[in-house]
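Protein chains in written order, with the numbering used here: chain A, 1486 to 1617; chain B, 1486 to 1617; chain C, 40 to 324; chain D, 40 to 324.
In this text, a Cβ means the ideal position worked out from N, Cα and C, and glycines have one as well.
Keep in mind it's a predicted model, so treat the numbers as computed, not measured.
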Ligand SMILES: [Fe+3]
Ligand SMILES: [Fe+3]
């Protein structure tokens, strides 16, 4: 295994939003932040691409938003708390948003939580995950 | 002498901008802050009263601004660094602004600084000032 | 003299607010949770604090990507509920206590904590959901609030040790405030949860139980825990638990655990809640 | 490895910027002042730092009345000069060093300093006037800048002791940065001045001389000085001098005073300026 840049890089399925990601996602998160106003949400929903053109997003970031590819948004610097503005605008609950990032169906994910949640066993380290 | 609320209350001719003044001057300083944009300065200069009506200033604060009564602005919660936006908008130098609060003419004040500035002797405590 | 007599911690899950606001508290999914807070509401109704120092994290609502304060204190007259993307919660305006907040700010800054003073901000579910859990749905909140916002948005967050020390500094600040005030401090956020990425949905009830036990009895065992351990063991977002250490630092070493409640899960989150009274307060009561 | 080899302090009077921008540097009023910075410009041209950590105070330009951070660090790519009421100064954009700034932020936050991280802000005369004094009027500034803004707008300010300790934490941060960087730290503001109220125009050259002497030789004598003493003895706004202690804390105990300049007055302010090199750096050079 190559040396990790940060201790937290070993946690599987997890992205810690640090300064590097903050720089990468600055304009993306600024875009999300504007969705806290109804008038902005209205304009965004009427024409997502046009609204996003107001912000200095990369092509990848724009595509990830349009596709609602939440894991990809995180990879591109999206911060989960800022992303909630978009998912709330879409009428999603936090459970629906989180579930959408796991590869499970909404029902499977909800059931997992009813059953006590994802176990910590086997989920501490990337070394425990088949695909890291 | 009555007990002072803060140790710094004993410094003559001086107002320390603390939390109490910050609350008192919040809207006044917010108004000053907007003068950092040319378009706002233009609107303000065209009709000062109309521009100030956008902010929740007290009648006393409005009057002090119109009269350019700088000491009064400070008494009413103005912070010197925010007030500089107004004096710079008026084309005053910091020396002209500071001098205007001393009761000296601009020339007298400039000369005092050329001569080494106001002495600390006699200016440490309100007890040294005839009128406190 | 102001008297900080008790501390309360609770998770602050947004879905709890939505359940309340949409009249779903009696539904089978939600009823056990709200039942767990009934004793709390009774305790608050009896104790009648004048002010709550409410430690929470802003979830990217008051603070844009431009500004990330490690510790921020709200010194405004009032705080409007934030519109987090689906309209503001239909809850009362949160009334501040500018004079008390400014006293705390001044005291902790001179005590070498580098606060950011906030004179205008909205407050999100991190603050309003705990208010709803403690007080239900009144027309006006029954106490004033001093909001203290802690950065858990962008790493690095303040350390657990720093948070605990801040609590101690807040205690010193309260003890030097001359007005008669009954003060409670609340630490919110946590417990186990992760709401992003393929590992979302993680819950570690053993971790939570140990955390609750130690919070009352042995907080020294918690202050040295690195951020990594929270994030790895109890989900990335469980690091919000550092805010509970601020609450604990503000209390005496000797506390009585008045009430505890634990519930899995609300939405993605393990809900933990505890009420601690300083033993000296219990004696006086 | 990054090497913090020297510290520089200077007053940051706005009128100095205006004199430069308006071509008045040869006028009798201004010539002695600018002459005093000629050796400094030569020193910078020789030492060629890659980055300046520039400690200053925002004069209510980047920070509205809504937000008052005690310590803020600028992690952006670049910082535009602020329009303080008469248009922005015609100086180059200030280039940041986001990676180095973020490293410092991370290091000092984990070291229990409660920074506010700023990802977007303008910079006022407090930062740009020192740049002009060090570098003159180039098309591009010859080094990158990590701005650190200290609250001296709203009382209470951080204590001198806290500022000095922050300097020490910054030193530790620089020492753990892996890139080869030649770093200088600048503390700006002061010296004697008061620009408000009936006592405006106060200058206390004895105080300033003692401060300069102690800054080099005995900073421990300065760190305990309460805000009251600055404000009373050297004018309310002289409390900006606490920022010089951040510079000093970042240097070794053993420093060599390379240059000193003192001039009364520029506009309302006594201008003080000092260059200190770490002795170990002098050995290596
Ligand atoms: Fe939260
Ligand atoms: Fe200054």
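- Of the candidates B:1606, B:1512 and B:1579, the residue whose Cα lies closest to the Cα of residue 1547 of chain B is B:1512.
- Minimum Cα-Cα distance from residue 227 of chain D among the listed residues D:281, D:247, D:195 and D:179 corresponds to D:281.
- For the region 1524 to 1538 of chain A, the set of residues with a beta-carbon nearer than 8 angstroms to any beta-carbon of chain C comprises 1526, in chain order.
- Pairwise C-beta distances place the region 1504 to 1521 of chain B out of contact with the region 47 to 67 of chain C, as fewer than three of them are shorter than 8 angstroms.
- When DSSP states are grouped into helix, strand and coil, residue 317 of chain D belongs to the strand group.
- Counting only Cβ-Cβ distances below 8 angstroms, residue 1580 of chain A has contacts in chain C at 54, 306 and 307, in chain order.
- Exposed is the label assigned to residue 68 of chain C, since fewer than 16 other Cβ atoms lie within 10 Å of its Cβ.
- Here residue 208 of chain C has 147, 150 and 152 as same chain residues with Cβ atoms under 6 angstroms from its own Cβ, once five neighbours each way along the sequence are excluded.
- Non-local beta-carbon contacts of residue 241 of chain C in its own chain, meaning distances under 6 angstroms to residues more than five positions away in sequence, involve 233 and 274 in chain order.
- Judged by DSSP in its simplified three-state form, residue 1598 of chain A adopts helix.
- In the DSSP assignment, residue 56 of chain D falls within the unbroken alpha helix (DSSP H) covering 53 to 60.
- Using a Cβ-Cβ cut-off of 7 angstroms, residue 188 of chain C is close to nothing in chain B; its nearest Cβ partner there is about 18 angstroms away.
- The distance from the Cβ of residue 185 of chain C to that of residue 90 of chain C is about 6 angstroms, consistent with a contact at the 8 angstroms cut-off.
- One alpha carbon belongs to residue 1587 of chain B, the other to residue 1506 of chain A, and they sit about 52 angstroms apart.
- Proximity of the region 193 to 205 of chain D to the region 56 to 74 of chain D falls short of the contact definition, fewer than three beta-carbon pairs being nearer than 8 angstroms.
- If you ignore the 5 residues before and after residue 183 of chain D, its C-beta comes within less than 6 angstroms of the C-beta of 90, 134 and 136, all in its own chain and listed in chain order.
- Along the region 109 to 125 of chain C, the positions whose C-beta sits under 8 angstroms from a C-beta of chain A are 121, 122, 123, 124 and 125, read in chain order.
- Using a Cβ-Cβ cut-off of 8 angstroms, residue 154 of chain C counts as an interface residue toward chain D, since at least one Cβ of chain D sits closer than that to its own.
- Fully enclosed alpha helix (DSSP H) runs of no fewer than 4 residues occupy 137 to 149 and 164 to 174 of the region 117 to 186 of chain C, in order along the chain.
- Secondary structure at residue 281 of chain D: helix, using DSSP grouped into helix, strand and coil.
- Ordered along the chain, residues surrounding ligand 2 are D:51, D:96, D:98, D:165, D:228 and D:279 [Cβ under 6 angstroms from any heavy atom].
- Beta-bridge annotation (DSSP): residue 242 of chain C is not paired with any residue.
- The Cβ atoms of residue 284 of chain D and residue 206 of chain D lie closer than 8 angstroms to each other.
- In the DSSP annotation of this structure, the continuous segment of the beta strand (DSSP E) that includes residue 297 of chain C starts and ends at 294 to 305.
- Burial state of residue 1499 of chain A is buried, judged by a 10 Å Cβ sphere holding 16 or more other Cβ atoms.
- The DSSP assignment places complete alpha helix (DSSP H) segments of no fewer than 4 residues inside the region 1553 to 1616 of chain A at 1555 to 1560, 1565 to 1574, 1579 to 1585 and 1591 to 1599, in order along the chain.
- Pairing residue 1510 of chain A with residue 1576 of chain A gives a Cβ-Cβ distance that is not under 8 angstroms.
- No Cβ of chain B is located within less than 8 angstroms of the beta carbon of residue 145 of chain D.
- It is roughly 48 angstroms from the alpha-carbon of residue 117 of chain C to the alpha-carbon of residue 315 of chain D.
- Counting the other Cβ atoms within 10 Å of the Cβ of residue 215 of chain D gives fewer than 16, which makes it exposed.
- Residues of chain D whose Cβ lies closer than 9 angstroms to the Cβ of residue 1504 of chain A are, in chain order, 114, 137, 138, 140, 141, 142, 144, 145 and 156.
- Considering only D:144, D:305, D:131 and D:155, the residue with the shortest C-alpha distance to residue 177 of chain D is D:131.
- Under the criterion of beta carbons closer than 8 angstroms, residue 93 of chain C and residue 187 of chain C qualify as touching, at roughly 7 angstroms.
- In its chain, beyond the 5 residues on either side, 275 have a beta carbon closer than 8 angstroms to the beta carbon of residue 236 of chain D.
- Nearest to residue 162 of chain C by alpha-carbon distance, out of C:56, C:97 and C:87, is C:97.
- Against chain D, the CB of residue 201 of chain C has a partner CB under 8 angstroms away; the residue lies at that interface.
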